[in-house]
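Q: Please find one structure pasted underneath; my questions will follow.
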Amino acid sequence: MVGYIHSFESFGTVDGPGIRFVVFMQGCPMRCLYCHNPDTWQRGGKEYTPEEVAANVRKYKSYFTGGGGVTVSGGEPLMQADFVRELFTILKNSGIHTALDTSGITFNPEDKHKFDGLLEVTDLVLLDIKHIDGAEHKKLTGHDNKNVLAFAEYLSGIGKPVWIRHVLVPGITDNDEYLTELAKFIGGLKTVHKVEVLPYHNMGEVKYKNLGVDYPLKGVQPPDAERVKNAKRILGVIK
């Protein structure tokens, strides 16, 4: 078995607890307007076996302090779920904490046990809810959010620890009505350990230029500190 991988980060500090080794998988079905990794969209990248990745990870095990470990991100890692399951199985046998950073977009409620094998060896899911409104989610990503929300509810039902991540984009997700609706949805989940508000940034714009692709949010500026604080207050991050 091989996985298609875009890149590695050996000292990640923003993708889960503690110091993390981050594996960025290649391939994603969504086309988020604010995506800062358009170079991960297409399937391809360098091929690795799960054991090759695990061997690379083990070199950094002594740095996994503060509950650190490995996070598999993307792209969309659930597009290569079998590879991630095998990798996480090896890592768990080495006593390494595993986190899955996903949008949940490939989850199918009618085939909801498809990812059980992967979730059994996943310690934490970082679930990125792009937009709480289905129609707005489709405008933002090209897909409805029903599978994303169903995945969140499934994780809650099986008792899987979750961090909810939400990107705050002026004119798109920075809206008190939508944030309040999202807060209500999160409040109905049983296993959310943390909510993260991620301010939109345009640092990925140069990648679009290098790929010869127009940047969809050209001219949109990051939200100011007060709007970020407002979102955190609504979502219960701060009181």
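Residues in the sequence shown are numbered from 1201 upward in steps of one, following this note's numbering.
Glycine included, every Cβ here is placed at the ideal spot set by N, Cα and C.
Note that the structure is predicted; figures quoted are calculated from it, not measured.
Is it right to say PHE1224 is buried, meaning 16 or more other beta carbons lie within 10 angstroms of its own, or is it exposed?
A: In the sequence shown, residue 1224 corresponds to position 24, counting from 1. Counting Cβ neighbours within 10 Å, PHE1224 comes out buried, since at least 16 surround it.
Q: Tell me which same chain residues have a C-beta within less than 6 Å of the C-beta of VAL1202, skipping the five on either side of it?
A: Locating residue 1202 in the sequence shown gives position 2, counting from the first residue. Here the set comprises GLU1247, THR1249.
Q: Does the distance from the CB of GLY1334 to the CB of ASN1345 come in under 8 Å?
A: Locating residue 1334 in the sequence shown gives position 134, where the first residue counts as 1. Locating residue 1345 in the sequence shown gives position 145, where the first residue counts as 1. Result yes, Cβ atoms of GLY1334 and ASN1345 sit closer than 8 Å.
Q: In the DSSP output, what is MET1225 paired with across the bridge?
A: Along the sequence shown, read from residue 1 onward, the residue named residue 1225 stands at position 25. ILE1205, per the DSSP bridge assignment.
Q: Tell me GLU1247's beta-bridge partners as DSSP assigns them.
A: By one-based count along the sequence shown, residue 1247 stands at place 47. Answer by DSSP bridge pairing, in chain order: TYR1204.
Q: Run the CB neighbour count on PHE1221, radius 10 Å, all protein chains shown included, and call it buried at 16 or more, exposed below.
A: Taking the first residue of the sequence shown as 1, we reach residue 1221 at position 21. So PHE1221 counts as buried.
Q: Can you tell me where the beta strand (DSSP E) holding ASP1282 begins and where it ends?
A: Against the sequence shown, residue 1282 aligns to sequence position 82. Element bounds for ASP1282: not the beta strand (DSSP E) but the alpha helix (DSSP H), 1281-1293.
Q: Please list the segments of the beta strand (DSSP E) lying wholly inside the stretch 1311-1369, counting only runs of 3 or more residues, in order along the chain.
A: Taken in chain order, the unbroken stretches of beta strand (DSSP E) that lie wholly in the stretch 1311-1369 and span 3 residues or more are 1324-1328, 1362-1368.
Q: Grouping DSSP H, G and I as helix and E and B as strand, with all else coil, what is ASP1301?
A: Locating residue 1301 in the sequence shown gives position 101, counting from the first residue. The answer is strand: DSSP assigns ASP1301 an E or B state.
Q: Have a look at VAL1257 and SER1273 and give me their C-alpha separation to the nearest angstrom.
A: Translated into positions along the sequence shown, residue 1257 becomes position 57. Translated into positions along the sequence shown, residue 1273 becomes position 73. Going by the C-alpha atoms only, they are around 15 Å apart.
Q: Which term fits ASN1375, buried or exposed, when burial requires 16 or more other beta carbons within 10 angstroms of its beta carbon?
A: Along the sequence shown, one-based indexing puts residue 1375 at 175. It is buried - the Cβ of ASN1375 has at least 16 other Cβ atoms within 10 Å.
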